[in-house]
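Okay, so here's the structure we're looking at.
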Amino acid sequence: MVVIDIPVRWGDMDAYGHINNVQIVRLMEEARVMVFGIPSGTGHIDGTNPQPHINLLAGVDDQVMTLISEHTVTYRRQMPYRGLPIRVEVGIDKVKGASVEVVYSFYDGDAVAVKATSTMVFVHEETGMPVRLTPEQRAEVATLELF
1 MVVIDIPVRW GDMDAYGHIN NVQIVRLMEE ARVMVFGIPS GTGHIDGTNP QPHINLLAGV
61 DDQVMTLISE HTVTYRRQMP YRGLPIRVEV GIDKVKGASV EVVYSFYDGD AVAVKATSTM
121 VFVHEETGMP VRLTPEQRAE VATLELF
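The sequence shown begins at 1 in full-length UniProt numbering and counts up by one.
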């Protein structure tokens with residue numbers, strides 16, 4: 001499990017003064033990129049980008065897309081906008097042949113406000129076929145597994 005702090009923006013707040021539910025999915029994405037790195041073939045990696053906590057995407061061929069096939073989000077309590085970074089715990093719950101299930105816990109102070117999961121799938125860009133995790137990826141994932 002990796003613990004990170006993600007800054008929130010004024011625009012993440014809804015009319016009730018809480019972090020908007022749509023923004024939670026954006027924050028999940030931010031957490032994945034902070035923990036696993038920038039997916040191959042996207043963005044610009046020039047050495048100034050922060051290093052990922054877990055090198056899950058290193059060595060992944062540029063023709064392999066990292067896609068999300070499913071999200072689940074459970075809101076346990078409201079998360080008021082406080083202008084402070086949100087503490088997020090990120091881990092891996094399940095590892096399959098060509099996918100991993102990423103789990104998140106978003107905290108408001110010491111209380112869990114949101115529990116969420118994303119299924120991250122590796123797919124070959126040209127064929128659309130799943131690409132199995134390499135032994136190196138499995139070793140990296142093992143450092144985050146919750147079970």
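We put the CB at the ideal spot given by N, CA and C, even for glycine.
Here the structure is a predicted model, which is why all the values come from computation and not from measurement.
For residue i, which option in the options has the closest C-alpha, if you only look at C-alpha atoms?
{"i": "L67", "options": "R9, I6, A139 and H124", "result": "H124"}
{"i": "Y107", "options": "L27, G11 and M34", "result": "L27"}
{"i": "F36", "options": "V3, N20 and K96", "result": "V3"}
{"i": "V95", "options": "M13, H18, E29 and P135", "result": "P135"}
{"i": "A113", "options": "R9, W10, G11 and H18", "result": "H18"}
{"i": "V33", "options": "V90, L133, W10 and E140", "result": "V90"}
{"i": "E101", "options": "D14, V141, V8 and W10", "result": "V141"}
Please tell me whether residue i and residue j are closer than 9 Å, where the distance is taken between their beta carbons.
{"i": "V131", "j": "D61", "result": "yes"}
{"i": "S99", "j": "V121", "result": "yes"}
{"i": "R77", "j": "A111", "result": "yes"}
{"i": "I86", "j": "D5", "result": "yes"}
{"i": "D12", "j": "Y81", "result": "yes"}
{"i": "T119", "j": "E70", "result": "yes"}
{"i": "L133", "j": "V8", "result": "no"}
For residue i, which three-state DSSP category applies?
{"i": "I38", "result": "coil"}
{"i": "R77", "result": "coil"}
{"i": "V112", "result": "strand"}
{"i": "V141", "result": "helix"}
{"i": "E89", "result": "strand"}
{"i": "P7", "result": "coil"}
{"i": "M28", "result": "helix"}
{"i": "residue 148", "result": "The requested residue 148 is not part of the displayed model; the chain covers only 1 to 147."}
{"i": "V60", "result": "coil"}
{"i": "E125", "result": "coil"}
Am I right that residue i and residue j are in contact with their C-beta atoms under 8 Å? What's the rounded C-beta distance?
{"i": "I24", "j": "V73", "result": "6 Å"}
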